[in-house]
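Numbering (this note's numbering), first residue to last: -14 to 172.
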Amino acid sequence: MKKKTGVKPSMSVMQNRKVLEQTFFARPAVKVARELLGKHLVRRIGKTELAAMITEVEAYVGPHDLACHARFGRTPRTEVMYGAAGHWYVYLCYGIHWMLNVVTDAEDWPAAVLVRAAGEFIGPGKLTKGLKIGQRLNTLPATPSTGLWVEDRGIRVPRIQVERTPRIGIDYAGEWKHELFRFVLNA
DNA sequence: GCAGTGATCATA
DNA sequence: ATGATCACTGCC
-14 MKKKTGVKPS
-4 MSVMQNRKVL
6 EQTFFARPAV
16 KVARELLGKH
26 LVRRIGKTEL
36 AAMITEVEAY
46 VGPHDLACHA
56 RFGRTPRTEV
66 MYGAAGHWYV
76 YLCYGIHWML
86 NVVTDAEDWP
96 AAVLVRAAGE
106 FIGPGKLTKG
116 LKIGQRLNTL
126 PATPSTGLWV
136 EDRGIRVPRI
146 QVERTPRIGI
156 DYAGEWKHEL
166 FRFVLNA
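Laid out in structure tokens, this is it:
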């Protein structure tokens, strides 16, 4: 007996869905950032599932990185960055916009990758607004059980399409503002 | 070019 | 309790 909902040809690309595990995130932030390009950020709210391909990220590499929130050490807010990789770090910026980061690198090494754009959601504030991401996800793991996770859907990103630039909005960061820690996936 | 907006953190 | 500081956005 045939199922009512037929599988469309476009679904063939969906067959390759691999949820990124903690081991993917437990590596240096710059490497994780680069490799997140082309991966899919997946959001489930109730029965609705929305996926958006990640196209812009920034790496914040540790306490010595003068642009990283952990540059002042452990505080209640930065505590999550000191924890295990693969957990969400979500904070409010300028009193209006939620910023979505995923913790990277080793435990007790505070580093993270900011997800700035995915799919139609261009800009870190628009991304969280579009995917209904807020404070509730802060400190939760990037697993399907939390409703927000990352999948490898088999997209390969050629180096020629990857642009590296300094990070946005960190003019205060001294020499670190010049580091090419922002990665953009161009069409 | 810059106002809006509120959590966070240091200072007290 | 108060003040400075923001990993932004949208409108002027």
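Backbone N, C-alpha and C fix where the C-beta goes; we use that ideal spot for every residue, glycine too.
Query - Same chain, Cβ closer than 6 Å to Gly159, five either side skipped, listed in chain order - result: On the first sequence, residue 159 is found 174 positions in, with the first residue counted as 1. Excluding sequence neighbours, Gly159 sits near Leu51.
Report task. Leaving aside the five residues before and after Ala11 along the sequence, list all residues of the same chain whose C-beta is less than 8 Å from its C-beta, in chain order. Result -> Sequence index remark: in the first sequence, residue 11 carries index 26 (1-based). Closer than 8 Å at Cβ, skipping near neighbours: Ala69, Ala70, Gly71, Thr89, Asp90, Ala91.
Query raised in the report: Under a three-way DSSP split, which group does Thr150 fall into?
Result: Position 165 of the first sequence, counted from the first residue, corresponds to residue 150. Correct three-state label for Thr150: strand.
**Report entry** Collapsed DSSP secondary structure at Val4 in the structure displayed
**Finding:** What you label residue 4 is simply residue 19 of the first sequence in a count that begins at 1. Three-state DSSP puts Val4 in a strand.
Requested in this report: Identify, in the order they occur along the chain, each residue of the same chain with its Cβ nearer than 8 Å to the Cβ of Ile153, setting aside the five sequence neighbours on each side.
Outcome: Translated into positions along the first sequence, residue 153 becomes position 168. Glu43, Arg101, Arg167.
Query raised in the report: Using a Cβ-Cβ cut-off of 6 Å (strictly less than) and excluding sequence neighbours within five positions of Leu35, which residues of its own chain qualify?
Result: By one-based count along the first sequence, residue 35 stands at place 50. Taken in chain order, the residues that qualify are Arg28.
Query raised in the report: DSSP puts His72 in a beta bridge; with which residues?
Result: Taking the first residue of the first sequence as position 1, residue 72 is located at position 87. Bridge partners of His72 according to DSSP: Pro126.
Report task. Decide if Leu5 is buried, meaning its Cβ has at least 16 other Cβ atoms within 10 Å, or exposed. Result -> Stepping through the first sequence from its first residue, residue 5 is reached at position 20. So Leu5 ends up on the buried side.
Query raised in the report: DSSP state of Val87, grouped into three classes?
Result: Translated into positions along the first sequence, residue 87 becomes position 102. The answer is strand: DSSP assigns Val87 an E or B state.
Query raised in the report: Apart from the five residues on each side of it in sequence, which residues of its chain come closer than 8 Å, Cβ to Cβ, to Trp161?
Result: In the first sequence, counting from the first residue as 1, residue 161 sits at position 176. Once the five neighbours on either side are set aside, the close Cβ partners of Trp161 are Asp50, Leu51, Ala52, Ile155.
Query raised in the report: Does the distance from the CB of Thr200 to the CB of Met84 come in under 8 Å?
Result: The structure shown does not extend to residue 200, since the chain spans only -14 to 172, so no value can be given for it.
Query - Cβ-Cβ distance between His25 and Ala14 below 8 Å - result: Start at 1 with the first residue of the first sequence, and residue 25 comes out as number 40. Start at 1 with the first residue of the first sequence, and residue 14 comes out as number 29. For the 8 Å CB-CB criterion, His25 and Ala14 do not form a contact.
Query raised in the report: Taking the Cβ atom as the reference point for each residue, do Glu136 and Asn171 lie within a distance shorter than 8 Å?
Result: Looking up residue 136 in the first sequence gives position 151. Looking up residue 171 in the first sequence gives position 186. Not in contact: Glu136 and Asn171 (Cβ atoms no closer than 8 Å).
Query raised in the report: Ends of the alpha helix (DSSP H) at Ala18?
Result: Numbered from 1 along the first sequence, position 33 holds the residue referred to as residue 18. Judged by DSSP secondary structure, Ala18 falls within the alpha helix (DSSP H) whose first and last residues are 14 to 21.
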